[in-house]
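Note that UniProt numbering has the sequence shown beginning at 1, numbered continuously upward.
Ideal placement from N, C-alpha and C gives every residue a C-beta, glycine not left out.
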Amino acid sequence: MIKPPLAVWSREIASGDTLDGLLAEAGLTGPDRAETSLAISAEYDLRRLRPGHVLTVEMSANGSPRRVALDVDEGVRVEATFGDTLSTRVVSPEPEIVVLAGTTRIESSIFAALEDSGIPSRFAVDLAQMLGGTVDFRRDLGGGETLRLLWREARVEGDTIGQPKIAFASLDLGDALYEVVWPEDGTGRATMYLNGEVVRVFAEPVKGARLSSVFGRRKHPIYGNVRMHTGVDFAAPRGTSVRATAPGRIAFIGRRGGYGRVVEIAHGTETMTRYAHLSAVPDGLAEGQRVTAGDTIGRVGATGTATGPNLHYEVRVEGRPTDPLSDERLSEAVEGEAQGNAGLDRLAEARARLEDALASDLASNTSERL
1 MIKPPLAVWS REIASGDTLD GLLAEAGLTG PDRAETSLAI SAEYDLRRLR PGHVLTVEMS
61 ANGSPRRVAL DVDEGVRVEA TFGDTLSTRV VSPEPEIVVL AGTTRIESSI FAALEDSGIP
121 SRFAVDLAQM LGGTVDFRRD LGGGETLRLL WREARVEGDT IGQPKIAFAS LDLGDALYEV
181 VWPEDGTGRA TMYLNGEVVR VFAEPVKGAR LSSVFGRRKH PIYGNVRMHT GVDFAAPRGT
241 SVRATAPGRI AFIGRRGGYG RVVEIAHGTE TMTRYAHLSA VPDGLAEGQR VTAGDTIGRV
301 GATGTATGPN LHYEVRVEGR PTDPLSDERL SEAVEGEAQG NAGLDRLAEA RARLEDALAS
361 DLASNTSERL
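This is the structure in C-alpha cells:
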C-alpha cells in the first residue's frame, strides 16, 4: 500500500510568534490548532517558547495534520501525532560526550587568555573558585604563565548542548605548578594539588553554579548601603540541589531572619557551614543527623532577603565568618580521602587524559593542514 505524500511546513520561531499563530500559518483549522496546542502544552510550558525554536507540521494529502513537532532546547523535541487519537511524546536524544583540551598563555588575565584561545571563558569562574584563595591573580600572574585545560561537552548531531564542564586544569607559574581535578561522580568535590601534592579539597555546594557574589564588603543589592557579606553566593535555578561541602552533623534546620530557610552543619567543635535562602529541605533530614560531602541537604530558593534564586554559602570558624574559598580548616575535613595513593592516582589519570586529548587535537589539526 502506497502512503499518500505528506506536505511539510517548517519555520524557526521569531520574536512575537505564538504557537496558535504559527499553526494557523501552517494551514491548521481552528479545532486542530486548539487540540494541538493543548496536547503540546501538556508536555511543554508554551510560555518558554522563544526565538530559535523550530515548529514543523506534516500534512496529509487531504489537508489534515499528521504530525506536529516542536524542537526546543538541547535537542529536545515535543511531538504530537494525529491518528485515531492524538498522542504526544517528548524525544530527548542521547548526547555524545566529547573530551576537549587546550593550552593558553596568560598575558593580562585568565579570562582574556581563555577567550583569546577559544576555550570557554566561563572556566575563569571555576578557576577563581578553586585557586582564588591560594593564588593572588594580580601579584602572582606577571604574564607568560601557561594554563592547560581539559573539559567535556555534550553534543547532539554536532551541536553543543548545555554548558561545557571543566575536568582538569594545570597552571604553571614557573616556580609552582597548581593542578585541579574536578570529579565526574556528581559530588562536585574538586581537589587542588601544588607540585603534585594535595593542598586543598573543595566540594561545591551547588554543582556547576555561577559564583555571583564573593566574601567581603559590598554594596547590599537590596538595602543599597555598604556592609559585610559574610559568605559567597551561587546563582542557580530554583530547586537546584544544594550539597554538603564536608562531612559533619546537622546542627540546625529552620529560619534565620534575612537568611530565610537555612541548614547549618557542624564540622567538629570549631567550624560550621551555613546554607541559606533554601526553598526546601529533603524529607527525613533532621538535626543531629550525620552527612558526608556531596549529600543533598536542600534546594536553591529565594527565601529571606534575596533578589532571586541563589544559595548563600557561609563558613564560620569559632563563630566568626571566614572566606569559604580560602579557609583551609574546612577542607581538612575532606582531604583525608584525597590523600595517599587514591588522590595521586586521580591526578595521574587526569594528566594522562589531558596529554591524550592534546595529542589527539594536534594530530587532527596536522591532518587537516595536509
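Given residue i as reference, the closest of the options once Cα atoms are compared
i, options, result
"residue 137", "120, 119, 162 and 109", "109"
"residue 252", "245, 281 and 15", "281"
"residue 146", "134, 153 and 104", "104"
"residue 15", "116, 293, 247 and 54", "54"
"residue 352", "237, 170, 134 and 87", "170"
"residue 19", "82, 69 and 112", "69"
"residue 78", "86, 92 and 65", "92"
"residue 184", "175, 203, 193 and 195", "203"
"residue 357", "101, 240, 284 and 66", "101"
"residue 371", "180, 49 and 286", "Past the edges of the chain, shown from 1 to 370, lies residue 371, and the structure says nothing about it."
"residue 182", "349, 134 and 112", "349"
"residue 174", "244, 65, 140 and 158", "140"
"residue 312", "67, 190 and 259", "259"
"residue 390", "73, 167, 112 and 39", "In this structure the chain extends from 1 to 370, so residue 390 is not present and cannot be described."
"residue 67", "56, 125 and 163", "56"
"residue 166", "270, 158, 190 and 159", "190"
"residue 229", "287, 161, 290 and 305", "305"
"residue 320", "290, 111 and 271", "271"
"residue 143", "37, 240 and 113", "113"
"residue 48", "246, 71, 65 and 61", "71"
"residue 158", "235, 65, 23 and 75", "75"
Strand pairing of residue i, partner residues [DSSP]
i, result
"residue 87", "81"
"residue 151", "100 and 166"
"residue 160", "155"
"residue 70", "55 and 78"
"residue 259", "Note: residue 259 sits in no beta bridge, so no partner."
"residue 271", "267 and 317"
"residue 192", "180 and 200"
"residue 243", "296"
"residue 65", "59"
"residue 171", "147 and 178"
"residue 249", "266 and 290"
"residue 254", "262"
"residue 139", "DSSP, once it has assigned bridges, lists no residue as partnering residue 139."
"residue 238", "The partner list for residue 238 (beta bridge, DSSP) is empty, contrary to what the question assumes."
Cβ-Cβ separation, residue j to residue i (assumed contact under 8 Å), whole Å
i, j, result
"residue 377", "residue 199", "As displayed, the chain neither begins before 1 nor continues past 370, which places residue 377 out of reach and without an answer."
"residue 300", "residue 206", "6 Å"
"residue 27", "residue 63", "7 Å"
"residue 263", "residue 297", "5 Å"
"residue 193", "residue 347", "6 Å"
"residue 254", "residue 266", "The pair is not a contact, with the Cβ atoms about 15 Å apart (cut-off 8 Å)."
"residue 97", "residue 154", "6 Å"
"residue 52", "residue 13", "7 Å"
"residue 275", "residue 315", "Actually they do not touch by this definition, with Cβ atoms about 11 Å apart."
"residue 149", "residue 123", "6 Å"
"residue 244", "residue 292", "7 Å"
Counted within 10 angstroms of its Cβ, other Cβ atoms place residue i as buried (16 or more) or exposed
i, result
"residue 273", "buried"
"residue 322", "buried"
"residue 130", "buried"
"residue 42", "exposed"
"residue 294", "buried"
"residue 4", "Any reading at residue 4 must be qualified, since the residue scores a pLDDT of 48, below 50, and its modelled position is unreliable; the value itself is stated next. The residue is exposed, with fewer than 16 neighbouring Cβ atoms inside 10 Å."
"residue 2", "For residue 2, the predicted model reports a pLDDT of 46, less than 50, meaning its position is unreliable and no value from the coordinates is stated."
"residue 90", "exposed"
"residue 360", "exposed"
"residue 256", "exposed"
"residue 120", "buried"
"residue 231", "buried"
"residue 195", "exposed"
"residue 8", "exposed"
"residue 367", "With a pLDDT of 43 at residue 367, under the threshold of 50, the modelled position of that residue is not reliable, and no figure is offered here."
"residue 354", "buried"
"residue 59", "buried"
"residue 307", "exposed"
"residue 94", "exposed"
"residue 309", "buried"
"residue 31", "exposed"
"residue 33", "buried"
"residue 237", "exposed"
"residue 127", "buried"
"residue 250", "buried"
"residue 233", "buried"
"residue 29", "exposed"
"residue 46", "exposed"
"residue 370", "Low local confidence applies: a pLDDT of 41 at residue 370 is under 50, so the model's placement there is unreliable, with the coordinate-based value given in what follows. Answer is exposed; the Cβ neighbour count stays below 16."
"residue 85", "exposed"
"residue 269", "exposed"
"residue 246", "buried"
Where are the beta strand (DSSP E) runs, 3 residues long or more, that stay fully inside the stretch 2 to 50, in chain order? Entirely contained in the stretch 2 to 50, the beta strand (DSSP E) runs reaching 3 residues are, in chain order, 7 to 12.
At 3 residues or longer, and completely inside the stretch 273 to 322: list those beta strand (DSSP E) runs for me, N to C. Fully enclosed beta strand (DSSP E) runs of 3 or longer: 296 to 299, 310 to 317 and 320 to 322.
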